[in-house]
Every structure is written in C-alpha cells, then in structure tokens.
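Visitor: Going by the working numbering, the letters in the sequence shown line up with residues 30 to 232, in that order.
We put the CB at the ideal spot given by N, CA and C, even for glycine.
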Amino acid sequence: MSRERDGDADGGGTDADWPVELAGVVESVVTTLGPNDRWNVAALGLHAGDPVTARTYGRTRTWRNFSEQGGGVVQFTRDPVDFVDAALSVYEVDGPVLDSADAWVEIDAERVGTDHEGDTEIVTWALRPVDGGVERRVVPTTNRGFYAVVEATVAASRLDVPGYERETLLDRLAYFESVVETAGGERERTAFERIDDLVDAEW
30 MSRERDGDAD
40 GGGTDADWPV
50 ELAGVVESVV
60 TTLGPNDRWN
70 VAALGLHAGD
80 PVTARTYGRT
90 RTWRNFSEQG
100 GGVVQFTRDP
110 VDFVDAALSV
120 YEVDGPVLDS
130 ADAWVEIDAE
140 RVGTDHEGDT
150 EIVTWALRPV
160 DGGVERRVVP
170 TTNRGFYAVV
180 EATVAASRLD
190 VPGYERETLL
200 DRLAYFESVV
210 ETAGGERERT
220 AFERIDDLVD
230 AEW
C-alpha cells in the first residue's frame, strides 16, 4: 500500500515506529483502502505489546481490507465527531489521513490468530509500522465529555449483540449523555447528537 500526501508534516518522521507510547488498549481510528478506491474509516482498539495487536469482529470492511490490502493507516484523533462516525457509521474519505489526525502510522497487518464468539469470527492482527508522522504536537487535557463519547460508542455498538443486556446499555447511554451535557464542549455535544442520529434506540 502506498500513501500520497501533499507537503511535509510538522515534526513528522519515517522511523517506522509508533508515534506515541501505547499502554493497555488505546482507541484509535484506522483507514483502509477499499475496492472502490476510497478509504474506509473505522474505530480500532490497539492492544499494547510487541507487536501491537488489534481485533476485528466478523466480516467488517476493516477485516476485508486488511485481508486484501495487507494494512492501513492508524491515526490518533481528538475529534469526537470523527470518532463517532468511524465507530458507528459507514464512513469513507478520499485520502488515508484525516484532517483531525494529530499523528498517523502506516501499518502492515498480519493475521496471527482466530477465535469465535458464537457465529462471529474474531481475528487478531499483528500491526507493524512501516511509516509515520506527527501532524501537530499538543498539550493533553482531560475532558470528561470526550471520554463519555468514546464509552457511548462502545455501548451503542453492543445494543444488538447477543450476551449484552439492552436495558443496561441504554442506561449507560443516558448517563454518558448527561456527562456530555454537563462537561463536554460544543464538539462533544455535536458528537453525541451524531450518536443519537445513528443509533436506532431511545434512552
């Protein structure tokens, strides 16, 4: 897979390493090139380790594109709207790196394990960086509204999954919405409105 970018990124590099330190499970966004020559955008949990791994659940677009293209572009964004669209909608863009990405890393994805949960195939992928860059350096801040949006996407994605109690998930969504209303900024509120638009449920 090749990437095409105009200009040089501020502070960018091609050290073939992760541009940030990973610990635990880090929520990211990944773009993968589809058969229509557009980049599919999806949320992807990165499991820290050597190598870093990620999982796909079922025959998703990310699973298909990892299988056919052998990789993609992982990126780190603080934009809650982009994260919601990546996690809950079919989101496609023309280029591999989102405007909101603070850093990105092109990765090779190698299938290293398979498991099943009911009828769902869970594939584990080893992700190895081959190129990367930093678009902007920021001083981290903690906004409860942003993290409530992230947790809300997890709850929303499980609403129709067997084994999860729907009413419990709806209660979580109501709580996360209240956190966004009291602690979130304009972008977090817009992101939760997107969740409300994308999820066929009331809480």
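Hey, A77 and F105 are a contact pair by Cβ (cut 8 Å); roughly how many whole angstroms apart?
Guide: The residue given as residue 77 occupies position 48 in the sequence shown. The residue given as residue 105 occupies position 76 in the sequence shown. The pair is not a contact, with the Cβ atoms about 14 Å apart (cut-off 8 Å).
Visitor: Under the rule that 16 or more other beta-carbon atoms within 10 Å means buried, what is A185, buried or exposed?
Guide: On the sequence shown, residue 185 is found 156 positions in, with the first residue counted as 1. Counting Cβ neighbours within 10 Å, A185 comes out buried, since at least 16 surround it.
Visitor: Apply the 10 Å Cβ neighbour rule to A52 and answer buried if 16 or more other Cβ atoms are within range, or exposed otherwise.
Guide: Taking the first residue of the sequence shown as 1, we reach residue 52 at position 23. The residue in question, A52, is exposed, as its Cβ has fewer than 16 Cβ neighbours within 10 Å.
Visitor: Comparing alpha-carbon positions, which option in W232, E215, F95 and A83 lies nearest G174?
Guide: Along the sequence shown, read from residue 1 onward, the residue named residue 174 stands at position 145. Checking every option, the nearest Cα to that of G174 belongs to E215.
Visitor: Assuming R110 and V126 are in contact, meaning their beta carbons sit under 8 Å apart, how far apart are those beta carbons, in whole angstroms?
Guide: Here residue 110 refers to the residue found at position 81 when the sequence shown is read from its first residue. Here residue 126 refers to the residue found at position 97 when the sequence shown is read from its first residue. A quick correction: the sequence has Val, not Arg, at residue 110. So it is not a contact: roughly 17 Å between Cβ atoms.
Visitor: Would you call D114 buried or exposed, if buried means 16 or more other Cβ atoms sit within 10 Å of its Cβ?
Guide: The residue labelled residue 114 in the question sits at position 85 within the sequence shown. Label assigned to D114: buried.
Visitor: In the DSSP assignment, the alpha helix (DSSP H) including W92 goes from what residue to what residue?
Guide: Numbered from its first residue, the sequence shown carries residue 92 at position 63. That run of the alpha helix (DSSP H) goes R90 to Q98.
Visitor: Around the Cβ of G142, are there at least 16 other Cβ atoms within 10 angstroms (buried) or fewer (exposed)?
Guide: In the sequence shown, counting from the first residue as 1, residue 142 sits at position 113. Classification of G142: exposed, given that the 10 Å Cβ count is below 16.
Visitor: Measuring only the C-alpha atoms, how far is T45 from D200?
Guide: Taking the first residue of the sequence shown as 1, we reach residue 45 at position 16. Taking the first residue of the sequence shown as 1, we reach residue 200 at position 171. First, the residue type needs correcting, since residue 45 is Ala and not Thr in the sequence shown. In a straight line, the C-alpha of A45 is about 43 Å away from that of D200.
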